[in-house]
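The structure appears right after this line, and notes come after that.
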Amino acid sequence: MKIRTAKIFAATWLALLAGCSLQPPLKTLEDKSIEVTGGGISIELHSLSARVTSIVHEASGEQLLRPWPDQDRRATFTVSMRDGLTGRTVSPLTDSTLVLDYRESDGAVEFDQLLLPDGYRINKKVSGGRDGVYLDYEVRLDDEDAPLRSLGFTFMLPIQHGSRIWVPGCESDDEQEFRGRRRYVYGPGADGDYSMSIPLISFRRNDGPAFSLAVPLELPVVRVVFEIEPSVVPRGVSPRLEECDWLKVTFDLVGASGVRSLHAGLWLYAHEPDWRDALRIFAEKHREYFEAPRRIRSAEAPLAGLGTDLPPLWQLAQIRKDGTGAVRLAWNVFRSGEWVPPQARRFEDFSWQSRQDSSLGEVSVGRVRSVIDHLVQFKLRAVLDGAWGSSCGKYTAESSYGEDIAENERGEPIVAGDGRLMMYAAPESPFGKAMLEQQRQMLELYPQALGYYFPDWSATGIDFAHDDSLTVAHNRPAADLGANRVRVGERLIALVNEHRKLTITAMPGRVVESKGVDMLCFSATRPEQLRQAALLGIWRPVISDPGDALRGLSLVELEELLKEKLLQGVIPSHAELRRDQALGRAYRPLFQLLAARQWRLDPIRIGLPPGVRSQVFQRSSSRSGVEQYLLLCLARPGVMLADESRRMSMKVTLAFTGAAVYNRALWQSASRTPREVPLRVTSSGEDSLEVTLPPFGAAGVLRLATQ
Numbered sequence: 022m023k024i025r026t027a028k029i030f031a032a033t034w035l036a037l038l039a040g041c042s043l044q045p046p047l048k049t050l051e052d053k054s055i056e057v058t059g060g061g062i063s064i065e066l067h068s069l070s071a072r073v074t075s076i077v078h079e080a081s082g083e084q085l086l087r088p089w090p091d092q093d094r095r096a097t098f099t100v101s102m103r104d105g106l107t108g109r110t111v112s113p114l115t116d117s118t119l120v121l122d123y124r125e126s127d128g129a130v131e132f133d134q135l136l137l138p139d140g141y142r143i144n145k146k147v148s149g150g151r152d153g154v155y156l157d158y159e160v161r162l163d164d165e166d167a168p169l170r171s172l173g174f175t176f177m178l179p180i181q182h183g184s185r186i187w188v189p190g191c192e193s194d195d196e197q198e199f200r201g202r203r204r205y206v207y208g209p210g211a212d213g214d215y216s217m218s219i220p221l222i223s224f225r226r227n228d229g230p231a232f233s234l235a236v237p238l239e240l241p242v243v244r245v246v247f248e249i250e251p252s253v254v255p256r257g258v259s260p261r262l263e264e265c266d267w268l269k270v271t272f273d274l275v276g277a278s279g280v281r282s283l284h285a286g287l288w289l290y291a292h293e294p295d296w297r298d299a300l301r302i303f304a305e306k307h308r309e310y311f312e313a314p315r316r317i318r319s320a321e322a323p324l325a326g327l328g329t330d331l332p333p334l335w336q337l338a339q340i341r342k343d344g345t346g347a348v349r350l351a352w353n354v355f356r357s358g359e360w361v362p363p364q365a366r367r368f369e370d371f372s373w374q375s376r377q378d379s380s381l382g383e384v385s386v387g388r389v390r391s392v393i394d395h396l397v398q399f400k401l402r403a404v405l406d407g408a409w410g411s412s413c414g415k416y417t418a419e420s421s422y423g424e425d426i427a428e429n430e431r432g433e434p435i436v437a438g439d440g441r442l443m444m445y446a447a448p449e450s451p452f453g454k455a456m457l458e459q460q461r462q463m464l465e466l467y468p469q470a471l472g473y474y475f476p477d478w479s480a481t482g483i484d485f486a487h488d489d490s491l492t493v494a495h496n497r498p499a500a501d502l503g504a505n506r507v508r509v510g511e512r513l514i515a516l517v518n519e520h521r522k523l524t525i526t527a528m529p530g531r532v533v534e535s536k537g538v539d540m541l542c543f544s545a546t547r548p549e550q551l552r553q554a555a556l557l558g559i560w561r562p563v564i565s566d567p568g569d570a571l572r573g574l575s576l577v578e579l580e581e582l583l584k585e586k587l588l589q590g591v592i593p594s595h596a597e598l599r600r601d602q603a604l605g606r607a608y609r610p611l612f613q614l615l616a617a618r619q620w621r622l623d624p625i626r627i628g629l630p631p632g633v634r635s636q637v638f639q640r641s642s643s644r645s646g647v648e649q650y651l652l653l654c655l656a657r658p659g660v661m662l663a664d665e666s667r668r669m670s671m672k673v674t675l676a677f678t679g680a681a682v683y684n685r686a687l688w689q690s691a692s693r694t695p696r697e698v699p700l701r702v703t704s705s706g707e708d709s710l711e712v713t714l715p716p717f718g719a720a721g722v723l724r725l726a727t728q
């Protein structure tokens, strides 16, 4: 940490505190600038006000944020808080801020501040490290008897016009320049806004520096709103700066009191002007949320579904021949809140009616085991539905788990529909313990199962019957129901992993809910949802199973969905590929190439004709783990398999570090007669290569390999 000292010593703020009874008396503080650096970012702070006065991109020397001229260049960055109890918005720009003390250590500085007249005590720490600069805030009321209140804690940063933004999964065009107001919401309540599953936003200017702001995943949050508004100026600042847009990052549904603190923080880091590098730095820091503990290559294939009655043996043989490795049995559970009937643990032939689908008939442990055994004979493995739920049948909830029933603000149970109630869960609460115990029973009853699928992984809501020590809504303690997947879900996943079984979950709404999961399963059919889902699978497979939603898609919509899944590295279901014989024959070989794929996250420049979309993956050897292939997936929106007249040849150029080592190419297009075609690779330098593709229509995969 570098320190530039102005060598001005003075008694600080004594006049302001003449009538104040704070103990001990204020220290005499040195007036100086303090610089904290890390991750290519340099932040300068003023010791007597704790304000951030400068944020600089170290490599270019450019100011990332512009100072406001009337604030003596000491208000580049500020925070504000909206108090739900008083209705006031307080900020260091409009209210008196007293720096009671600051402490410097290696690479960090920590401030102890008092914000008057409301009496907020703020502990602010700015620290630098190899991966960036962190700003951490802890806020509470200075009066220990102060009641709990909701607080909206907002960071405000001016962003220069002309900046281009990228938010993971929220932009179809990562080169899109900002126009107008946008809101990106991480957490519950994103109706009408962009929903984000990764709390990260990146900025860059043409031929200028690139940097990102993110919320570290180790910081517990309920909801974070990233909002960009043109020419919004906070109170206390003038004149109006028309050349700036404004980024506001608000931590919401939290609060503070005299004994309860609010925690908020940001992580800033510089990177190459490419979205891949921005995501790489974030994901590598939080690798456990993006990576599978186990990767079973045979399971990285289309997932099929099966009823209680086994199909003819030729159908099982065909399923296996089509490349499917796993079959989901969604009928092995009893009902919501009672996954394994007590009698089933004692009597293998005890039967029950599965509440998942009453048309399937009677279910028993013996029948489930019989289906699993038959699948094994055809080299197919069974994935069972596991003991997980965010809701429970009304009778079961009231009779067995009454203290875990979630309630709305009026004290009424939150209804989940179809006679079910929403539930709060913690590892030691009745409902949480029931899930963990019944999952243990399943693991004992079905030892030959490949793994377990946990649906309903993305339900959210605010529960006023419980206090999770974090959530505050309308000045009342509450609980975030989405955090059940953090409180109990992690233990459930760990339990299954301990038995060396595969874990698959439905798509989580937030990346923190995917920790330890082997595979993710996407069930929606909207492309924008698919983009977010795919980025949670950087180093793990993402499969899909749209279920009944598949029936509502036309063949044109289905093919566009298949192309989007190809671009996002998501494996479609067996039902999608079997819906139309021609589509299945054309696209199945392309998806087979994606088994064991990982996202390529170093900066890559791709040269393609207009109207062609692309994505780059890498595929590792199953034996050595060394990179073996580079996969370039291509798709032409609006061009269908049947559009023979719209086939075209094109030249593809790739530029990235070390490109010249890839000197072999194989091309496979979506075709009625699929086959791989070897192509010539030419190199114009050690960091670029060029391949000319034969005429193709809707989609294809270019596989590049080393000699």
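First residue of the sequence shown? That's 22 in this note's numbering, and the numbers climb one at a time after it.
Even glycine gets a Cβ: it sits at the ideal position worked out from N, Cα and C.
Enclosing alpha helix (DSSP H) for M463 [first to last residue]: For M463, the enclosing alpha helix (DSSP H) has its first and last residue at P451 to L466.
P476 vs D406 beta-carbon contact at 8 Å: P476 is a Cβ neighbour of D406, given a cutoff of 8 Å.
Sequence-distant residues of the same chain with beta carbon closer than 7 Å to S479, five excluded per side: Cβ within range, chain order: A527, M528, P529 and G530.
Nearest-angstrom Cβ-Cβ length linking I435 and G482, presumed shorter than 8 Å: So it is a contact: roughly 6 Å between Cβ atoms.
Straight-line gap, D228 to R185 (C-alpha atoms, nearest Å): For D228 and R185, the distance between alpha carbons rounds to 11 Å.
Whole runs of the beta strand (DSSP E) within the region 628-685, excluding any shorter than 3 residues: The qualifying runs are 634-641, 648-656 and 669-676.
Three-state secondary structure (DSSP) of V361: Coil, per DSSP.
Range of the contiguous alpha helix (DSSP H) that encloses V397: It spans V386 to Q398 - the alpha helix (DSSP H) in which V397 sits, taken as one unbroken run.
Rounded Cβ spacing between L350 and A403 (contact assumed at less than 8 Å): L350 to A403, Cβ: 6 Å. Contact.
Beta carbon of A616 nearer than 8 Å to that of A322: Taking 8 Å as the Cβ cut-off, A616 and A322 qualify as a contacting pair.
E534 versus R244: straight-line alpha-carbon distance, rounded: If I take the Cα positions, the gap works out to 14 Å.
As assigned by DSSP and simplified to three states, the class of A347: Residue state, collapsed to three classes: strand.
Coil, strand or helix - F98 by DSSP: DSSP places F98 within a strand segment (E or B) once states are collapsed to three.
Assigned exposure category for G706 - 16 Cβ within 10 Å defines buried: Exposed: under 16 other Cβ atoms inside 10 Å.
Residue environment, V397, which counts as buried when at least 16 other CB atoms sit within 10 Å: Flag for V397 reads exposed.
Rounded separation between T239 and R701 - CA only: Here residue 239 turns out to be Glu, not Thr, going by the sequence shown. Rounded to whole angstroms, the separation of the alpha carbons of R701 and E239 is 47 Å.
Cβ neighbour criterion (16 or more within 10 Å) applied to V698: V698 sits exposed, since fewer than 16 C-beta atoms from the chains shown fall within 10 Å of its C-beta.
Short Cβ contact (8 Å threshold) for L136 with P168: No, Cβ-Cβ distance for L136 and P168 is not below 8 Å.
Nearest to G59 (by Cα), restricted to the options V154, I592 and T99: The residue from V154, I592 and T99 with its alpha-carbon nearest to that of G59 is V154.
Beta bridge counterpart(s) of G414 as assigned by DSSP: R441, per the DSSP bridge assignment.
Q336 versus K342 - alpha carbon distance: Rounded to the nearest angstrom, the two C-alpha atoms are 10 Å apart.
Start and end residues, alpha helix (DSSP H) containing D298: Counting along the chain, the unbroken alpha helix (DSSP H) around D298 starts and ends at W296 to K306.
G537 versus I525 - alpha carbon distance: Distance between the alpha carbons of G537 and I525: 10 Å.
Beta-carbon proximity check, L234 vs I249, cutoff 8 Å: No, Cβ-Cβ distance for L234 and I249 is not below 8 Å.
Straight-line Cα distance separating S70 from F543: The C-alpha of F543 lies about 49 Å from the C-alpha of S70.
Straight-line Cα distance separating H395 from Y310: One C-alpha to the other measures close to 35 Å.
Closest residue to G440 among G432, S375 and R356 (Cα-Cα distance): Closest in C-alpha terms to G440, from the list G432, S375 and R356, comes R356.
The beta strand (DSSP E) enclosing W187, as first and last residue numbers: Here the beta strand (DSSP E) through W187 covers R185 to W187.
Close-in-space but distant-in-sequence residues of the same chain around R561 (CB under 8 Å, 5 per side omitted): Once the five neighbours on either side are set aside, the close Cβ partners of R561 are F311, E312, A313, R316, V538, D539, M540 and L541.
8 Å Cβ cutoff met for I62 and A304: No, they are not a contact pair.
Neighbourhood of T713 by C-beta, 8 Å cutoff - its chain only, sequence neighbours within 5 removed: Same-chain partners within the cutoff: S670, M671, K672, V673, L700 and R701.
Cα-Cα separation between E433 and R202, rounded to whole angstroms: For E433 and R202, the distance between alpha carbons rounds to 37 Å.
Environment of L725 [buried if 16+ CB atoms lie within 10 Å]: Label assigned to L725: buried.
Among T175, L502, I592 and M177, the one whose alpha carbon lies nearest that of A320: For A320, the nearest C-alpha among the options comes from I592.
Cβ separation of A676 and D708, assumed to be a contact under 8 Å, to the nearest whole Å: 6 Å between Cβ atoms; contact.
Neighbourhood of H284 by C-beta, 6 Å cutoff - its chain only, sequence neighbours within 5 removed: Excluding positions up to five away in sequence, the list reads E159.
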